[in-house]
Amino acid sequence: MNGVRRELISASLIVILCLFAWIREPRFFEPQSLNSILLYLPMVAIAAVGQLPVILTGGIDISVGSILGFTGIAVGLMFQSNSHLPIVAAFLFSGLAGGLLGAVNGALVSWGRLPAIVVTIGTLSAFRGLTFLLSRGNQVDSTMLPSSFTNLVQQGIHIGSVTLNEPLLLVFLFAFVASIGLGYTQFGRNVYSVGNNIKAAYLRGISTQWILFSVYAFSGFTAGVSGAIYASRFGFVNPESAGKSFELTVIAAVAIGGVKITGGYGSVLGALLGCLFLACLNVALSVLGINANWQLMVYGLLIILAVLLDSLLRMTKRKAAV
Amino acid sequence: MVKEGTCIEARNVSVSFDGVRVLSDACVKLEPGRVHALTGENGAGKSTLAKCLAGVYQPSSGIILLDNAEIGFQGPKEAIGKGIALIHQEPLSFRELSVAENVFAGHLPKKLGLVDWKAASQQTTALMNQLGISLDPSLPVAGLSVAQQQMVELASALSRNAKVWIFDETTAPLTPIETQELFKVIRTLKSQGCAIGFVSHHLDEVFEIADEISILRDGRLIATKPTNDTTQKEVISLMVGRELLEEDFLSHSDSTQVSKPASGISVSELSGMGYKNINFEVKYGEVVGFVGLVGAGRSELAKGLFGLTPVKQGKISVGGQLAKISCPQDAMKAGLALIPEDRQHDGLMVDQSVGANASLASLALKSGIAVVNDQKSEKVALTIFQTLQLKFRSWRQPVRELSGGNQQKVVLAKWLLTQSKHLILDEPTRGVDVGAKHEVHKLIRSQANHGAAVMMITSDLPEALTLADRFYVMRKGEIVAEFSATEATQEKILSAASGHKEVSS
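Keeping their order, the protein sequence lines are chains S and P.
Number 557 marks the last residue of the first sequence (our numbering); no jumps.
Number 615 marks the last residue of the second sequence (our numbering); no jumps.
Here is the structure:
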């Protein structure tokens, strides 16, 4: 009940934003805007579904932008050496490479007992460096990628002039698996237990270290899949700029989706609504002709506002309970 | 349903932390259908021994035997798997999660590999019925009382079919009535053939529930005695290692002092979060007990007085002066001192050293720039620590390394160092052992005799009756009765607190 209410707030924020944009600029409701929104979604949404369990345990993964950059380059190099590589294999490879980097985070946080923020700030820089080493400073461009790969975002189901692009399928797949995983498996519920009270979880016989390790590895995996989507959507990967500030977008999406930033509470639906909000905002800013430089500032402020809103809501709830 | 009995035994178990031996060569055996109490002062090692049996700590030497076979627990997980349940002093709750999920944390019922929420909720209701309470399984645990959260933990152990139950100071946060509820459950478990360990330093409770009593002191097992063959007095002298004097010096303040007109803390028509229409007065030289059930609004009142929660209306006067209190700094400037109930969260910086914690409150009172004079504050603190019999290695030792009771002593010391004339004590002796409790009582009494006004919130009725000059009984956020020390009895207070009978005062 409580959960539904929190997600309703995120949903109404989206409606308010869209109405506002529409009143200021009626062009906002043209199919082209919707296409832009759908194009924006997959990369962010998949990584947000991965970030969610990390934040549920009370942690944070700041390294996702660098994992995206690394796997984007890796996919390009894979195709360069074998242009007949099946597309599914490319996605899988990219995900596994990301999962490997995520596992490094996971091992340091769980068995190394280091704070997540320190570990992932460290690897944010280290993985970016690794990306330069892998690419030798060169960028992956469209000549290295097969057209069947770069066409993915144009393909899909066409309804009028709206395209449900193929990577959206992956979003549904990840969201479905994560929803079942978090809501209906022992593992998923253990993630919530760890985020609520890690000491209690340990004393109740839950393998907390294994849980912590897994959520970071999964976050890395999703960031890796996002890396492949990045390469396919833009047709090039620059080792320096690919995925820069991406972590900010992903964490903002999760926070706006009503996930408690200190852990223990939140849902896949909430995280997806947060992504949808950011997608709408992104398109609204460009339709309204607002300088793209504002975007980063807006994202930063949004994270703070979302967390503020959350703590205010909790405070009123506590008062009501007294 | 009679379960097959299981017994668990610790043989010559020793435990060391950072080279400091906290338990040496202890032996204890919990047998099916028997309640075995582990008792001793704070830091005696009774909790450590209990945690070894439950796999939370691994002994550095010695062995644990389950049904006479040696067993090495790597962690609590294996112990739980063998049917051993440890019930902690502070409930281990997952606050955002439902009652049902708290009960089944780590072993939710499943259908086709997926969590069966309907079954979880039904089985929770069944377990709650078994414990004789009704709780909505879908409620988030965050809103429950400490006693209810403990019941959730008991239900969890029941759901695992635990055969060995170890209660580690479980009664400490409970009121006398809630303790009796818990004892009912313990007696049922005993009749079903469970082996029960009961860690407590409340000897009344120990003598009521236990079949055998093991006494620990300074990390060593001193004796194990059948309850029928010993007395409280003997157990106390074994715990402390000496005879305790009678409590004769805790005489109530003489009437001349009470009739002194000056009013220390007085409150009129005060309402706020969790309390309403409160009128009371605490005179200088007086110890006034605030009694009632947990949740009666006593701690809430204390928090309101100290500016931790906003006051809706009413007046607070400190030392005859009207005080405007909207934050703890205001309260401290007005001359109030609060010893909070939750020492871990509200009263201590657990990562800081013993010395830093002790001098914190008196430092905060100094205005302007003051150089911290370590040597001087250490000297004053040391005398108080000696009186309180605080066990610590050095000034630099972080407070988190101290046992629970010793942490409480640091909180007490911290506020006694401020020399405040207006003390609000919220459960000052919760978790403090017999010997030191006595010292704390003496300290509180001497503060009053030196002219302090003491407002003492306590759930320990014998303590209130020996120490307080007057009583206010609270129920549902209001003061429902007032007694003088001569009129007050345990029965009168309890019936006023629970609202069973109308009590005229």
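Where a beta carbon is used, it is the ideal one built from N, C-alpha and C, also for glycine.
Treat the numbers as computed from the prediction; the structure is a model and nothing was measured.
Checklist entry - For chain S, is any of its Cβ atoms less than 8 Å away from the one on Ala179 of chain P? => result Along the second sequence, read from residue 1 onward, the residue named residue 179 of chain P stands at position 69. Interface with chain S (8 Å Cβ-Cβ cutoff): Ala179 of chain P is excluded.
Next on the checklist: Are the CB atoms of Ala246 of chain S and Thr457 of chain S within a distance shorter than 8 Å?
Outcome noted: Reading the first sequence from its first residue, position 222 is the one you call residue 457 of chain S. Reading the first sequence from its first residue, position 11 is the one you call residue 246 of chain S. Between Thr457 of chain S and Ala246 of chain S, the CB-CB gap reaches or exceeds 8 Å.
Checklist entry - Below 8 Å between beta carbons: does that hold for Leu175 of chain P and Glu119 of chain P? => result Sequence index remark: in the second sequence, residue 175 of chain P carries index 65 (1-based). Sequence index remark: in the second sequence, residue 119 of chain P carries index 9 (1-based). Contact: yes.
Next on the checklist: Using 8 Å for Cβ pairs, my map puts Ile426 of chain P next to His532 of chain P. What's the rounded Cβ distance?
Outcome noted: On the second sequence, residue 426 of chain P is found 316 positions in, with the first residue counted as 1. On the second sequence, residue 532 of chain P is found 422 positions in, with the first residue counted as 1. About 11 Å; that fails the 8 Å criterion.
Checklist entry - Can you list, in chain order, the residues of its chain whose CB lies under 7 Å from that of Ser365 of chain P, leaving out five sequence neighbours each side? => result Walking along the second sequence from the start, residue 365 of chain P turns up at place 255. The predicted position of Ser365 of chain P is uncertain, since its pLDDT is 43 and thus under 50; a value taken from the coordinates is nonetheless stated next. Same-chain partners within the cutoff: there are none.
Checklist entry - Which bits of chain S does Pro186 of chain P rub up against, with CB to CB less than 7 Å? => result Looking up residue 186 of chain P in the second sequence gives position 76. Per Cβ cutoff of 7 Å: Tyr437, Leu438, Gly440.
Item to check | Residues bridged to Lys434 of chain S (per DSSP) | outcome: Here the question's residue 434 of chain S lines up with position 199 in the first sequence. Per DSSP, none; premise fails for Lys434 of chain S.
Checklist entry - In terms of alpha-carbon separation, which member of P:Met349, P:Ala136, P:Val256, P:Gly465 lies closest to Arg506 of chain P? => result Residue 506 of chain P sits at position 396 when you count from the first residue of the second sequence. The option with the nearest alpha carbon to Arg506 of chain P is P:Gly465.
Next on the checklist: Short of 7 Å Cβ to Cβ, which residues in the segment 322-341 of chain P face chain S?
Outcome noted: From the segment 322-341 of chain P, no residue has a Cβ closer than 7 Å to chain S.
Next on the checklist: Per DSSP, what are the beta-bridge partners of Val145 of chain P in this structure?
Outcome noted: Within the second sequence, numbered from 1, the residue matching residue 145 of chain P stands at position 35. DSSP lists P:Ile306 as partners of Val145 of chain P.
Item to check | Reduced DSSP category for Trp275 of chain P - H, G, I as helix; E, B as strand; rest coil | outcome: Translated into positions along the second sequence, residue 275 of chain P becomes position 165. It is a strand residue.
Checklist entry - Among residues of its own chain, excluding the 5 on either side of Gln462 of chain P, which ones have a beta-carbon nearer than 7 Å to its beta-carbon? => result On the second sequence, position 352 is the one that residue 462 of chain P refers to. If you ignore the 5 residues before and after Gln462 of chain P, its C-beta comes within less than 7 Å of the C-beta of Pro508, Val509, all in its own chain and listed in chain order.
Next on the checklist: For a contact defined as C-beta to C-beta under 8 Å, what are the partners of Gln421 of chain S on chain P?
Outcome noted: Locating residue 421 of chain S in the first sequence gives position 186, where the first residue counts as 1. Result: Gly216, His217, Leu218, Lys220, Val225.
Item to check | Residue interval of the beta strand (DSSP E) (run including Lys393 of chain P) | outcome: Your numbering for residue 393 of chain P matches position 283 in the second sequence. Residue range 385-393 is occupied by the beta strand (DSSP E) that includes Lys393 of chain P.
Next on the checklist: Considering just the uninterrupted stretch of the alpha helix (DSSP H) at Thr355 of chain S, what are its terminal residues?
Outcome noted: Along the first sequence, one-based indexing puts residue 355 of chain S at 120. Here the alpha helix (DSSP H) through Thr355 of chain S covers 351-370.
Item to check | Span separating the alpha-carbon of Asn270 of chain S from that of Val489 of chain S | outcome: As a working mapping, residue 270 of chain S is identified with position 35 in the first sequence. As a working mapping, residue 489 of chain S is identified with position 254 in the first sequence. CA-to-CA, the gap between Asn270 of chain S and Val489 of chain S works out to about 22 Å.
Next on the checklist: By alpha-carbon positions, which one of P:Thr419, P:Ser134, P:Lys547 ends up nearest to Gly384 of chain P?
Outcome noted: Start at 1 with the first residue of the second sequence, and residue 384 of chain P comes out as number 274. Of the candidates P:Thr419, P:Ser134, P:Lys547, P:Thr419 places its Cα closest to the Cα of Gly384 of chain P.
Item to check | Distance CB(Leu140 of chain P)-CB(Cys162 of chain P) smaller than 8 Å | outcome: Your numbering for residue 140 of chain P matches position 30 in the second sequence. Your numbering for residue 162 of chain P matches position 52 in the second sequence. No.
Checklist entry - What residues of chain S sit near Phe581 of chain P, judged by a beta carbon separation below 7 Å? => result As a first step, residue 581 of chain P must be located in the second sequence, where it is residue number 471. Within 7 Å of the CB of Phe581 of chain P, no CB atom of chain S is found; the nearest one sits about 26 Å away.
Checklist entry - In chain S, what lies closer than 7 Å to Ala256 of chain P by C-beta? => result If you number the second sequence from 1, residue 256 of chain P lands on position 146. It is Val, not Ala, that sits at residue 256 of chain P in the sequence shown. What Val256 of chain P touches in chain S: nothing, since even the nearest Cβ is about 14 Å away.
Next on the checklist: Per the DSSP calculation, Met99 of chain P is bridged to which residue(s)?
Outcome noted: Nothing about residue 99 of chain P can be read from this structure; chain P reaches only from 111 to 615.
Item to check | For Ser428 of chain S, the nearest candidate out of P:Pro250, P:Val123, P:Thr298 (CA to CA) | outcome: Taking the first residue of the first sequence as 1, we reach residue 428 of chain S at position 193. Nearest to Ser428 of chain S by C-alpha distance, out of P:Pro250, P:Val123, P:Thr298, is P:Pro250.
Next on the checklist: Given this structure, state the Cα-to-Cα distance separating Ser231 of chain P from Glu188 of chain P, to the nearest angstrom.
Outcome noted: Residue mapping note: residue 231 of chain P aligns to position 121 of the second sequence, counting from 1. Residue mapping note: residue 188 of chain P aligns to position 78 of the second sequence, counting from 1. Across the structure, Ser231 of chain P and Glu188 of chain P are spaced so that their CA atoms are roughly 26 Å apart.
Checklist entry - Any contact of the segment 471-489 of chain S with the segment 354-372 of chain S, i.e. 3+ C-beta pairs under 8 Å? => result Verdict: yes, contact present.
Checklist entry - Touch check for the segment 328-346 of chain S and the segment 257-271 of chain S: three-plus C-beta pairs under 8 Å? => result Result no; under three Cβ-Cβ pairs closer than 8 Å.
Next on the checklist: Please state whether the Cβ-Cβ distance between Leu403 of chain P and Ala574 of chain P is less than 8 Å.
Outcome noted: The residue labelled residue 403 of chain P in the question sits at position 293 within the second sequence. The residue labelled residue 574 of chain P in the question sits at position 464 within the second sequence. No, these two residues do not count as a Cβ contact at 8 Å.
Checklist entry - Alpha carbon to alpha carbon, what distance is there between Ile323 of chain P and Ser269 of chain P? => result For this step, residue 269 of chain P is matched to residue 159 along the second sequence. For this step, residue 323 of chain P is matched to residue 213 along the second sequence. Using only the alpha carbons, I get a separation of about 28 Å.
Checklist entry - Which residues, taken in chain order from the segment 491-508 of chain S, show a beta carbon closer than 8 Å to some beta carbon of chain P? => result Within the segment 491-508 of chain S, contact with chain P at the beta-carbon level (separation under 8 Å) is assigned to Lys495, Gly499, Tyr500.
Checklist entry - Within 10 angstroms of its Cβ, does Glu601 of chain P collect 16 or more other Cβ (buried), or is it exposed? => result Your numbering for residue 601 of chain P matches position 491 in the second sequence. With fewer than 16 other Cβ atoms within 10 Å, it is exposed.
Checklist entry - Per DSSP, what kind of secondary structure is Gly253 of chain P in: helix, strand or coil? => result On the second sequence, position 143 is the one that residue 253 of chain P refers to. In the displayed model, Gly253 of chain P falls within a helix according to three-state DSSP.
Next on the checklist: Looking at the secondary structure, which residues open and close the alpha helix (DSSP H) in which Lys300 of chain P lies?
Outcome noted: For the purposes of this step, residue 300 of chain P is taken as the residue at position 190 of the second sequence. Run containing Lys300 of chain P: 286-301, per the alpha helix (DSSP H) assignment.
Checklist entry - So, are the CB atoms of Ile589 of chain P and Asn389 of chain P less than 8 Å apart? => result On the second sequence, position 479 is the one that residue 589 of chain P refers to. On the second sequence, position 279 is the one that residue 389 of chain P refers to. For Ile589 of chain P and Asn389 of chain P, yes; Cβs fall inside 8 Å.
Checklist entry - Going by DSSP, what residues sit across from His393 of chain S in a beta bridge? => result The count along the first sequence starts at 1 and reaches residue 393 of chain S at position 158. Answer is S:Thr398, bridged to His393 of chain S.
Item to check | Of the residues P:Leu313, P:Thr235, P:Ser373, P:Ser378, the one placed nearest Met349 of chain P, counting alpha carbons only | outcome: To locate residue 349 of chain P, count along the second sequence from 1; it is residue 239. The residue with the shortest Cα to Cα distance from Met349 of chain P is P:Leu313.
Next on the checklist: Since Leu202 of chain P and Leu447 of chain S should fall inside the 8 Å C-beta cutoff, what is the C-beta to C-beta distance between them, to a whole number of angstroms?
Outcome noted: As a first step, residue 202 of chain P must be located in the second sequence, where it is residue number 92. As a first step, residue 447 of chain S must be located in the first sequence, where it is residue number 212. So it is not a contact: roughly 18 Å between Cβ atoms.
Checklist entry - Between Ser310 of chain P and the rest of its own chain, which residues show a CB-CB distance below 7 Å, the 5 nearest in sequence each way excluded? => result Translated into positions along the second sequence, residue 310 of chain P becomes position 200. The beta carbon of Ser310 of chain P sits closer than 7 Å to the beta carbons of Ala147, Thr149, Glu279, Thr281, Val316 from its chain, once the five residues preceding and following it are set aside; these are given in chain order.
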